[in-house]
Structures are given as structure tokens and as C-alpha cells.
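A.B. asks:
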Amino acid sequence: TLLYAFFRSLFLWVYSPWRPIARFSRKSLGTFFAFSNKLLSASVISTTVNNIYPSLIAAFYPMSQVAYFNQAKKYQDIPFLTLANTFRTVAMLILSEINEQTERLKRVVSKIIKSIAFLSFPIGLTMIVIAEPTFHLLFKEKWLAAVPYFQILTFAGMLSPFIFIFQELFIAKENSKFFLGIEVAKGVLLILLIVLLFPHGITALAVSWIIYMVISLIISVMLTGKLIRYTLFHLIKDIGPYLLLAIISSAVSFLLTMKIGNNVVFIILNLVITGTSYILLCKLFKLEMLKEIEYWFEKRKKEKK
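Per this note's numbering, the sequence shown starts with residue 10, numbered consecutively.
Here's what the structure looks like:
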């Protein structure tokens, strides 16, 4: 994390022409304060909300269950946070440049959403299928009890990158009210879910995270519709085909390999079968993101020649 922060700061100084000046500007401070204070408030709320779960679990459940949940959450977060941060960086640069062009914004957001769906769904569903043999292979019997939590949280994790992209849109459109509003709504929603499901155990709390993510995504899309007319219908249209093909691919892979007893063979075959069948299905149905990737590779080949 420290190395990432260091090199990120270094490259900003190298590649960005902007430099700070010695003179303090009250006018600039006044211009940005109204916007930034809402972002700060949203960040505080988000951090608080994200720490409610581990705090509650640690306070009211046995330490063994806490360890299993935290282990599952930690490993589930890795691919989706990586995916989200990658696309957030791209989205921040592109969306801020075209923030006054509504139709173009809508097209760009749609393409980013499709790109995330193309990767997030097959990765997530494959993680769910190979979770138990992977945990057994890496951690032996010790952490197998974390597998159900990992699988449940992975369903929620698949949706998180989409929410981050909509947040970047709100920032690009300089609409900090929406950014703050959605964090407040998410906080209220999470507290309500905890009150309803906390008595039913830690598994119910994990399931509530899926509900939380789904409703948060719906709220984000509703607000996005007010800004660029990108509605829930557009979201379903963009992500639906990739989700369906990912489900089919992972289901076929699981059915073909379910009787294999060797963990390594099971994992490798699932990765190969799911990946191959998913790409072939995307090609068969001529989905946009696969065509984009093929075009990019063709372009790279021509450039090398």
C-alpha cells in the first residue's frame, strides 16, 4: 500500500503539468469547499458503515466465527477491489472530460458497465464454484468453515464495481448531493438489515450484504437516470447477457467436474472449461465486449507490423 501511494504520487508529479503555488486563494477554497465537504461526509459515512459488520460480529459472535467471516471477506474482496479500482481510475479520467455531454456520457458509462460485467460475473461465479477445493488446497481443513461465507459474500462482491463507477459519475458531474445522498441511504439500509437479520446468525448477516449491494445498486442507477437518463432498464440490458452466459458456463463446468476428487485437477478444469465456454458463448452471441477485445488485438498486431 505504501509503495502504491509513493509511486502514484511520483507519477502525478512526473506526468501532470499542474503545480501548487505559494499564494493562498480564498476564492478557490470557497469554490471547492461546498463540493468537497459533501465528499468528505460521504467518505466518513462509508467508512463507518463498512466497519459496522466486523465490529458487530466481533462483539456478539464466537471468535472462531469472526475469524472465518473476516478471512472470507478478505479474500473475496481482492479481485473485485482490483477490478473496481482499475475501472475507477479510467472512469475518473474519461467522465470528467465529457461531463457536459450527456449522450456521450451515457454511451461511455454503458461501455464501462459492460466491461465490468464481462469480467466480474465469470470471475465471481468461478470463485464460488472452486471455493471449497481452493480453501482446502491453500489452508487445509483449518479454514473450510469460511467457505460458505466466502461464497455468499462473493455474490455481493460481483456488484460492488458497478456501484463505484456510478459514484465516479456523480463526482464527474459535480453532483456531490447525489454522492452524499446515496451513502446516507446505504447507511440507513444497512442498519435496517442488521436489525432485521442480526438475530438469525452470522450467515443471515452475510446474506444481508447481498441485499444491501442489490438495493444500493438500484438506488445508484435511479440517481444516474436523473443525470444522464441511464436507467435500470439500460443496466439490465447491459449486464444481463454477460450474467446469463457466465451462469451457463460455470454451471456446465461444475456439472462436468463435480465428481473429480483431486482438488488441483478440479480447479484447473473449472478454470479452463468456464473460461473457454464463456468466450465461445460471447462469440456465438456476438457480445460487444468480446468484439472490442478482438478489435484491440487486431489493432495491436497491425501496429507491430
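Ideal placement from N, C-alpha and C gives every residue a C-beta, glycine not left out. Keep in mind that this is a model prediction, so the values were computed, not measured.
Straight-line CA distance for residue 97 to residue 177?
C.D. replies: Spanning the two alpha carbons is a distance of roughly 7 Å.
A.B. asks: Cα-Cα, which of 186, 93 and 281 is closest to residue 235?
C.D. replies: Residue 235 has its Cα closest to that of 186, out of 186, 93 and 281.
A.B. asks: Below 8 Å, can you find three or more Cβ-Cβ pairs linking the segment 53–60 to the segment 188–195?
C.D. replies: In short, these stretches touch, since the Cβ pair count reaches three.
A.B. asks: Judging by CA-CA distance, which residue of 168, 295, 233 and 256 is the nearest neighbour of residue 1?
C.D. replies: Since the displayed the chain opens at 10 and closes at 314, residue 1 lies outside it and no answer follows.
A.B. asks: On the DSSP letters alone, give me the boundaries of the alpha helix (DSSP H) that residue 110 sits inside.
C.D. replies: No alpha helix (DSSP H) holds residue 110; DSSP gives it neither H nor E.
A.B. asks: Of the residues 121, 149 and 105, which one's Cα is nearest the Cα of residue 273?
C.D. replies: Checking every option, the nearest Cα to that of residue 273 belongs to 149.
A.B. asks: Can you list, in chain order, the residues of its chain whose CB lies under 8 Å from that of residue 211, leaving out five sequence neighbours each side?
C.D. replies: These residues qualify, in order along the chain: 66, 70, 74, 78 and 158.
A.B. asks: Say whether the segment 249–260 touches the segment 119–138, bearing in mind that this needs 3 or more beta-carbon pairs closer than 8 Å, one atom from each stretch.
C.D. replies: The answer is yes - the segment 119–138 touches the segment 249–260, with three or more Cβ pairs under 8 Å.
A.B. asks: What's the C-alpha gap between residue 291 and residue 266?
C.D. replies: Distance between the alpha carbons of residue 291 and residue 266 is about 22 Å.
A.B. asks: Kindly list the residues whose CB is nearer than 7 Å to the CB of residue 81, restricted to its own chain and excluding five residues on each side of it in sequence; keep chain order.
C.D. replies: Hits under 7 Å: 155, 158, 159 and 162.
A.B. asks: Can the beta-carbon of residue 117 be found closer than 9 Å to that of residue 107?
C.D. replies: Yes, the Cβ-Cβ distance between residue 117 and residue 107 is below 9 Å.
A.B. asks: Hey, could you find the ends of the alpha helix (DSSP H) residue 142 is sitting in?
C.D. replies: Counting along the chain, the alpha helix (DSSP H) containing residue 142 begins and ends at 140–148.
A.B. asks: Determine whether the beta carbon atoms of residue 200 and residue 61 lie at a separation below 9 Å.
C.D. replies: Cβ atoms of residue 200 and residue 61: closer than 9 Å.
A.B. asks: Check residue 183 in the structure and name its three-state DSSP category.
C.D. replies: Note: residue 183 maps to coil in three-state DSSP.
A.B. asks: Residue range of the alpha helix (DSSP H) that residue 226 falls in?
C.D. replies: Here the alpha helix (DSSP H) through residue 226 covers 211–237.
A.B. asks: Tell me the DSSP secondary structure of residue 240 in three-state form.
C.D. replies: DSSP places residue 240 in coil when its eight states are reduced to three.
A.B. asks: Between the Cα of residue 251 and those of 91, 242 and 130, spot the shortest distance and give me the residue it belongs to.
C.D. replies: For residue 251, the nearest C-alpha among the options comes from 130.
A.B. asks: Give me the Cα-Cα distance between residue 282 and residue 213, rounded to the nearest whole angstrom.
C.D. replies: Approximately 32 Å between the Cα atoms of the pair.
A.B. asks: Indicate the three-state DSSP secondary structure (helix, strand or coil) for residue 269 in the structure shown.
C.D. replies: Here residue 269 sits in coil by DSSP.
A.B. asks: For residue 93 and residue 68, I'd like the C-alpha separation in whole angstroms.
C.D. replies: Going by the C-alpha atoms only, they are around 30 Å apart.
A.B. asks: Give the C-beta separation of residue 353 and residue 298 to the nearest angstrom, bearing in mind that I take them to be a contact with Cβ-Cβ under 8 Å.
C.D. replies: The question about residue 353 has no answer, for the chain in this structure spans 10 to 314.
A.B. asks: Leaving aside the five residues before and after residue 104 along the sequence, list all residues of the same chain whose C-beta is less than 7 Å from its C-beta, in chain order.
C.D. replies: These residues qualify, in order along the chain: 114, 117, 177, 178 and 181.
A.B. asks: Let me know if residue 304 comes out buried or exposed under the rule of 16 or more other beta-carbons within 10 Å of its beta-carbon.
C.D. replies: So residue 304 ends up on the exposed side.
A.B. asks: Would DSSP call residue 152 helix, strand or coil?
C.D. replies: Coil, per DSSP.
A.B. asks: With a threshold of 16 other CB atoms inside 10 Å of the CB of residue 121, please say whether the residue is buried or exposed.
C.D. replies: The residue in question, residue 121, is buried, as its Cβ has 16 or more Cβ neighbours within 10 Å.
A.B. asks: Assuming residue 219 and residue 164 make a contact with CB atoms under 8 Å, what is their CB distance in whole Å?
C.D. replies: Confirmed, Cβ separation roughly 5 Å.
A.B. asks: How would you call residue 237, buried or exposed, if buried means at least 16 neighbouring beta carbons within 10 angstroms?
C.D. replies: The residue in question, residue 237, is buried, as its Cβ has 16 or more Cβ neighbours within 10 Å.
A.B. asks: Could you give the first and the last residue of the continuous alpha helix (DSSP H) run that contains residue 65?
C.D. replies: It spans 61–69 - the alpha helix (DSSP H) in which residue 65 sits, taken as one unbroken run.
A.B. asks: DSSP three-state call for residue 136: helix, strand or coil?
C.D. replies: Of the three classes helix, strand and coil, the one that applies to residue 136 here is helix, per DSSP.
A.B. asks: Rounding to the nearest angstrom, what Cα-Cα distance links residue 242 and residue 228 in this structure?
C.D. replies: So the alpha carbons of these two residues sit roughly 13 Å apart.
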